[in-house]
Amino acid sequence: MNVSDSEKIVSLLQGAGYLPTQDSSQADLIILNTCSVRAKAEQKVYGCLGRYKGLKNRNRRLILGVGGCVAQQEGERLLEKVPYLDIVFGTHNLHMLPELVRAAERGERRTEVAFLDNEKRLDLFPAAAAEGGVSRFVTIMQGCDNFCSYCIVPHVRGREISRSSAEIVNEIRKMVDKGVREVTLVGQNVNSYGLKSSGEPDFAALLRRVADIPGIERIRFTTSHPKDISAPLIDCFAELPKLCSHIHLPAQAGSDAVLARMNRGYTRSEYLGKIALLKAVRPDIQITGDIIVGFPGESEEDFSQTLSLMEEVRYGDLFSFVYSVRPETKAAEFPDDISQQEKQERLDRLLALQRALTLERNKSFVGSRQQVLVEGFSKRGDQLSGRTSGNRVVNFAGDPTLTGSIVEVTITRAFQNSLFGEIIIF
Ligand code: SAM
Ligand code: SF4
2 MNVSDSEKIV SLLQGAGYLP TQDSSQADLI ILNTCSVRAK AEQKVYGCLG
52 RYKGLKNRNR RLILGVGGCV AQQEGERLLE KVPYLDIVFG THNLHMLPEL
102 VRAAERGERR TEVAFLDNEK RLDLFPAAAA EGGVSRFVTI MQGCDNFCSY
152 CIVPHVRGRE ISRSSAEIVN EIRKMVDKGV REVTLVGQNV NSYGLKSSGE
202 PDFAALLRRV ADIPGIERIR FTTSHPKDIS APLIDCFAEL PKLCSHIHLP
252 AQAGSDAVLA RMNRGYTRSE YLGKIALLKA VRPDIQITGD IIVGFPGESE
302 EDFSQTLSLM EEVRYGDLFS FVYSVRPETK AAEFPDDISQ QEKQERLDRL
352 LALQRALTLE RNKSFVGSRQ QVLVEGFSKR GDQLSGRTSG NRVVNFAGDP
402 TLTGSIVEVT ITRAFQNSLF GEIIIF
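In this note's numbering, the protein residues as written are 2 to 427.
Shown next as structure tokens:
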């Protein structure tokens, strides 16, 4: 979501006459797009602003802005805390950035953090940058109504609002004209797309519309809430070959007691039931997820259930986080009763298990043939790199003109973070 928002920020600023630079000492304008989902991410913002103070001293014309979730959370207070800051804009105010930059050029310091309502939703979804690439994000909704007890997102991104399907399809058509072959539809809770906006399709119907766009070869989406995996969505995995064999389905915990305190709205067995339904229609589907360790009251027995869930699901990859108390959330009222050392030890055990599961999963691909969408050069720069439908990175020798096409690759070696293979020449 933040990568997608940052692309829009760049696009809006280019429209306002600015050009991108990789070198902050050359910049006349710096915007920090911030995250407040964990305390550490929030602290980083202040560290970063501290470093930019020197630049501001050297270049009096430098405009400094903070946007995103920390800006939404702090509002006007940020301008008070950081006297050399010029602009603060919230999660619903991206579209105002050109106006705020003009004001800053005149020496005005401004904060815009008002939430927009459904009526103004056109403003909520500024168009993505008109550039190409092989794979792009497309925002389909904003906000979240789920109120998981640990999570700040509903407080800083507001209520769920779905973007118009006509606009989504239009944006993807334009991307295809620029060479894009794969889109990832993004939102905090994509499964509830359209449910609260009259006249819009539901998420499964939206997927079908996107699949009908000529030139789109692959569709991904993130993030799904397990409680909202519906029968029509499962049908999409059965019937839409363009829909990739991957789902990011965060469980957060393996114990029913912890899931209930997290207000997740499903039990462990319901979660596993949804995965079984997905696997029944797409046996090769790759599952990834998110886990929080050290949630208030998590006992050793609760934690061992998280580890056993991981073994049962056999996640291909996992994002794992130590619980972090967030302001305004329900869980902030629960005693944060697990020591930092205990949280870290649990995280280390979880990471060790996941490393083994990932390597085992990667090794299982050796000898198989995979369809790989070529994204360009690998990180090392001497090979091509792309992804399988199941979202595993594959590196292989090949002609760079293959970028943007789907090729068949025999997997010959497996590493911790990637696969290596040989392209099949017909
Ligand atoms: N909407 C998505 C969902 O429900 O899966 C993800 C939202 S959140 C931005 C991404 C991940 O951050 C969550 O899945 C959760 O694992 C983690 N997270 C959220 N709040 C957290 C907290 N207070 N402490 C630690 N991790 C947290
Ligand atoms: Fe946060 Fe839960 Fe909403 Fe995800 S579904 S953004 S974890 S409140």
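Just so it is clear, CB atoms sit at the ideal spot from N, CA and C, and this is done for glycine as well.
**OP:** Could you tell me if the beta carbon of threonine 413 falls within a distance shorter than 8 Å of some heavy atom in the ligand SF4?
**Re:** Position 412 of the sequence shown, counted from the start, is the residue given in the question as residue 413. If you check the C-beta of threonine 413 against the ligand SF4, you find no heavy atom less than 8 Å away.
Original post:
Does the ligand SAM have a heavy atom nearer than 8 Å to the CB of valine 71?
Top reply: Mapped onto the sequence shown, residue 71 falls at position 70. The beta carbon of valine 71 sits no closer than 8 Å to any heavy atom of the ligand SAM.
Subject >> Cα-Cα separation between arginine 381 and glutamate 409, rounded to whole angstroms >> reply: Translated into the one-based positions of the sequence shown, residue 381 becomes position 380. Translated into the one-based positions of the sequence shown, residue 409 becomes position 408. Spanning the two alpha carbons is a distance of roughly 21 Å.
Subject >> Opening and closing residue of the alpha helix (DSSP H) in which glycine 195 lies >> reply: Locating residue 195 in the sequence shown gives position 194, where the first residue counts as 1. Counting along the chain, glycine 195 falls outside any alpha helix (DSSP H), and DSSP gives it neither H nor E.
**OP:** Output yes or no for whether 9 Å exceeds the beta carbon distance between threonine 289 and leucine 352.
**Re:** Translated into positions along the sequence shown, residue 289 becomes position 288. Translated into positions along the sequence shown, residue 352 becomes position 351. Taking 9 Å as the Cβ cut-off, threonine 289 and leucine 352 do not qualify as a contacting pair.
Original post:
Quick one: what does DSSP say glutamate 376 is sitting in, helix, strand or coil?
Top reply: Numbered from its first residue, the sequence shown carries residue 376 at position 375. DSSP places glutamate 376 in the strand class (E or B) of the three-state scheme.
Original post:
Is the segment 405 to 420 touching the segment 371 to 381, taking contact as three or more C-beta pairs under 8 Å?
Top reply: With a cut-off of 8 Å on Cβ pairs, the segment 405 to 420 is in contact with the segment 371 to 381, counting three or more such pairs.
Subject >> Inter-residue spacing [alpha-carbon to alpha-carbon] between asparagine 119 and alanine 167 >> reply: Position 118 of the sequence shown, counting from 1, holds the residue named residue 119. Position 166 of the sequence shown, counting from 1, holds the residue named residue 167. Those two C-alpha atoms are separated by around 16 Å.
Subject >> First and last residue of the uninterrupted beta strand (DSSP E) at leucine 385 >> reply: Residue 385 sits at position 384 when you count from the first residue of the sequence shown. 385 to 389 is the span of the beta strand (DSSP E), which, as asked, contains leucine 385.
Original post:
If you drop the 5 nearest sequence neighbours on each side, which residues of the same chain put their C-beta closer than 6 Å to that of methionine 2?
Top reply: The residue you call residue 2 lines up with position 1 of the sequence shown. Close CB contacts of methionine 2 within its chain, under the 6 Å cut and outside five residues either way in sequence, are with Val187 (chain order).
Original post:
Measuring from the CB of arginine 39, is there a heavy atom of the ligand SAM at a distance below 8 Å?
Top reply: For the purposes of this step, residue 39 is taken as the residue at position 38 of the sequence shown. For arginine 39, the Cβ falls inside the 8 Å cut-off from some heavy atom of the ligand SAM.
**OP:** Entirely within the segment 213 to 291 and at least 4 residues each: give me those alpha helix (DSSP H) ranges in chain order.
**Re:** Counting only runs of 4 or more, we get 232 to 240, 257 to 262, 269 to 282.
**OP:** Could you pull out every residue in the same chain whose Cβ sits closer than 7 Å to the Cβ of valine 11, ignoring the five residues on either side in sequence?
**Re:** Sequence index remark: in the sequence shown, residue 11 carries index 10 (1-based). Only Pro21, Ala130 meet the Cβ criterion.
**OP:** List the endpoints of the continuous alpha helix (DSSP H) containing asparagine 58.
**Re:** Your numbering for residue 58 matches position 57 in the sequence shown. Unbroken alpha helix (DSSP H) run through asparagine 58: 40 to 59.
Original post:
Where do the N-terminal and C-terminal ends of the alpha helix (DSSP H) with threonine 402 fall, by residue?
Top reply: Within the sequence shown, residue 402 is the residue found at index 401, counting from 1. That residue, threonine 402, is in no alpha helix (DSSP H); it is neither H nor E in DSSP.
**OP:** Tell me glutamine 143's beta-bridge partners as DSSP assigns them.
**Re:** Start at 1 with the first residue of the sequence shown, and residue 143 comes out as number 142. Partner(s): Ile162.
Subject >> Start and end residues, alpha helix (DSSP H) containing serine 7 >> reply: Here the question's residue 7 lines up with position 6 in the sequence shown. Secondary structure note for serine 7: its alpha helix (DSSP H) is the uninterrupted segment 3 to 16.
Subject >> leucine 319, enclosing beta strand (DSSP E) - first and last residue >> reply: Mapped onto the sequence shown, residue 319 falls at position 318. Boundaries of the beta strand (DSSP E) harbouring leucine 319: 318 to 323, taken from the DSSP string.
Original post:
Using the C-alpha atoms, what's the distance from alanine 252 back to cysteine 149?
Top reply: Reading the sequence shown from its first residue, position 148 is the one you call residue 149. Reading the sequence shown from its first residue, position 251 is the one you call residue 252. Using only the alpha carbons, I get a separation of about 12 Å.
Original post:
Any heavy atom of the ligand SF4 closer than 8 Å to the CB of valine 154?
Top reply: Taking the sequence shown and counting its residues from 1, the one referred to as residue 154 is at position 153. Flag set: Cβ of valine 154 near the ligand SF4.
**OP:** State the start and end residues of the unbroken beta strand (DSSP E) segment that holds arginine 111.
**Re:** Taking the first residue of the sequence shown as 1, we reach residue 111 at position 110. 111 to 113 is the span of the beta strand (DSSP E), which, as asked, contains arginine 111.
**OP:** Look at the alpha carbon of threonine 402 and the alpha carbon of glycine 387, and state the distance between them as a whole number of angstroms.
**Re:** Looking up residue 402 in the sequence shown gives position 401. Looking up residue 387 in the sequence shown gives position 386. Per the coordinates, the alpha-carbon of threonine 402 lies some 13 Å from the alpha-carbon of glycine 387.
Subject >> Per-residue burial, asparagine 396 [other beta carbons within 10 Å of its own, 16 or more giving buried] >> reply: Position 395 of the sequence shown holds residue 396. So asparagine 396 ends up on the buried side.
Original post:
If you check the beta carbons only, do arginine 158 and glutamine 27 fall under 9 Å apart?
Top reply: The count along the sequence shown starts at 1 and reaches residue 158 at position 157. The count along the sequence shown starts at 1 and reaches residue 27 at position 26. Going by C-beta atoms, arginine 158 is not nearer than 9 Å to glutamine 27.
Subject >> Nearest candidate by alpha-carbon position, reference aspartate 285, set Gly69, Val314, Asp6, Leu14 >> reply: Position 284 of the sequence shown holds residue 285. Taking only the C-alpha atoms, the option nearest aspartate 285 is Val314.
Original post:
Just checking, does the segment 329 to 339 make contact with the segment 356 to 363 on the three C-beta pairs under 8 Å criterion?
Top reply: Under the 8 Å Cβ criterion, the segment 329 to 339 does not count as touching the segment 356 to 363, having fewer than three qualifying pairs.
**OP:** Express the C-alpha separation of threonine 224 and alanine 105 in angstroms, rounding to a whole number.
**Re:** Indexing the sequence shown from 1 puts residue 105 at position 104. Indexing the sequence shown from 1 puts residue 224 at position 223. In this structure, the straight-line span from the alpha carbon of alanine 105 to that of threonine 224 is close to 36 Å.
**OP:** Let me know if glutamine 306 comes out buried or exposed under the rule of 16 or more other beta-carbons within 10 Å of its beta-carbon.
**Re:** As a position in the sequence shown, residue 306 is number 305, starting the count at 1. Buried: at least 16 other Cβ atoms inside 10 Å.
Original post:
How would you call threonine 413, buried or exposed, if buried means at least 16 neighbouring beta carbons within 10 angstroms?
Top reply: By one-based count along the sequence shown, residue 413 stands at place 412. So threonine 413 counts as exposed.
**OP:** With a threshold of 16 other CB atoms inside 10 Å of the CB of isoleucine 162, please say whether the residue is buried or exposed.
**Re:** On the sequence shown, residue 162 is found 161 positions in, with the first residue counted as 1. Its Cβ being crowded by 16 or more others within 10 Å, isoleucine 162 is buried.
Subject >> Distance, lysine 275 Cα to leucine 65 Cα >> reply: By 1-based counting over the sequence shown, the position of residue 65 is 64. By 1-based counting over the sequence shown, the position of residue 275 is 274. Each residue's Cα considered, the two are about 46 Å apart.
Subject >> Pick from Leu33, Asp29, Gln44 that is closest to glutamate 8, judged by C-alpha positions >> reply: Position 7 of the sequence shown, counted from the first residue, corresponds to residue 8. Glutamate 8 has its Cα closest to that of Leu33, out of Leu33, Asp29, Gln44.
**OP:** Classify alanine 415 as helix, strand or coil using the three-state DSSP reduction.
**Re:** One-based indexing of the sequence shown puts residue 415 at position 414. In this structure, alanine 415 counts as strand in the three-state DSSP scheme.
Original post:
Under 8 Å from any heavy atom of the ligand SAM, does the C-beta of serine 325 make it?
Top reply: Locating residue 325 in the sequence shown gives position 324, counting from the first residue. The answer is yes for serine 325.
Original post:
What whole-angstrom Cβ distance do arginine 210 and valine 170 have, given they're in contact under 8 Å?
Top reply: Residue numbering aside, residue 210 sits at position 209 when the sequence shown is read from its first letter. Residue numbering aside, residue 170 sits at position 169 when the sequence shown is read from its first letter. About 6 Å separates the Cβ atoms of arginine 210 and valine 170, confirming a contact at the 8 Å cut-off.
Subject >> CA nearest to the CA of leucine 63, picked from Phe126, Arg78, Asp29 >> reply: On the sequence shown, position 62 is the one that residue 63 refers to. Taking only the C-alpha atoms, the option nearest leucine 63 is Asp29.
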